[in-house]
Amino acid sequence: MMAWLQLWTAGFIVTLAFLFFVVICQDSGLSGVVPERQDSADIVKKESYPVLLRQKREWLWNALYVTEETAVSIPHNIGKLRSSLNVEVKTFTIEGEGANDIFTVDNQGDLYVTTSLDREKKASYHLKARMYDGNNKLIEDAGDFIVHVTDINDNCPVFPTEYNESVLERIKNTVVEVKATDADDPTTANGQVRYFLTRDEETSAFFEINQKTGAISSKINTLDRETKSQYVVVVKAQDMAGMATGCTATTSVTITITDVNDNIASFTRSKQHRNVTLQQ
């Protein structure tokens, strides 16, 4: 009886182990134990809808720049539109700002400018390009590009007005900050202005200017209104960051020295004569 019970227990344990093994194999996805049934509709779906890969654009742009005020008697080549696709291109087209008017393109993709440009009126032009084969079939879709108009130093600084300012006597202080504008590109030296006081022995001894900000200050704290009540300084603005080749403009600044109570009041003594008549 004991032997039979031991045999039954062993068989039961083996059965449980086998069932546990089958469950583990199903969860882990191991093949050969419980084959996965694949629905035929899933097979058709996977075969009917392959993954489509979008082709990367192949436009290769040269840097496209035009120097402003360049005289153009005939169309001037400024760059080339091209693609790395190994196809024979028959036609290029462009559209956008100035397309087929200011800018033209030939069948080799060479881009031309047809007229002189002014950066101060328009600094860049945004366009699109397309290319077609001999059957007028689109090879490459629209590619955006920009034509930049580069600056030349064709504008001088401009002062908006002359200045009339005042400063207290006997105080070292900022008088005024002058400002000149320059229409050229501020990111280049063409549009960067520096300020200078013209050489004058008197004003140079009393006043100074910050070359970058244009702030005029009194250099000393001994300006005396009772000695001299007004000064006129001449300011020069020069672009090209103050280089000698820069264009210049000048303005005058009239500085009035205002009074402070720096003198003590005093009386002027006068003699008064009286005529006295003596009677006897």
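In UniProt numbering, the protein residues as written are 1 to 280.
Positions of the beta carbon are idealized from the N, C-alpha and C atoms, including for glycine.
Keep in mind that this is a model prediction, so the values were computed, not measured.
- In the structure shown, S217 falls within a strand segment according to DSSP collapsed to helix, strand and coil.
- In summary, G191 is buried, with 16 or more beta-carbon neighbours lying within 10 Å of its beta-carbon over all protein chains present.
- Residue pairing from DSSP places S252 in a beta bridge opposite V234.
- Classified as buried, Y231 has 16 or more neighbouring CB atoms from the shown chains inside 10 Å of its CB.
- Here E169 is buried. Its C-beta has 16 or more other C-beta atoms within 10 Å.
- Taking the Cα of A123 as reference, the smallest distance to any Cα among D200, T187 and T256 is reached at T187.
- Secondary-structure assignment with DSSP links E95 through a beta bridge to K128.
- As the crow flies, the alpha-carbon of T91 is around 17 Å from that of W61.
- Counting along the chain, the unbroken alpha helix (DSSP H) around T203 starts and ends at E201 to F206.
- Cβ-Cβ distances below 7 Å link N153 to D184, N190, D239, M240 and C247 in the same chain, with the five nearest sequence neighbours on each side left out; the list follows chain order.
- Between V233 and F207, the C-beta spacing is below 8 Å.
- Taking C-alpha positions only, K212 is separated from A63 by approximately 33 Å.
- Assignment of beta-bridge partners to N77 by DSSP yields Y112.
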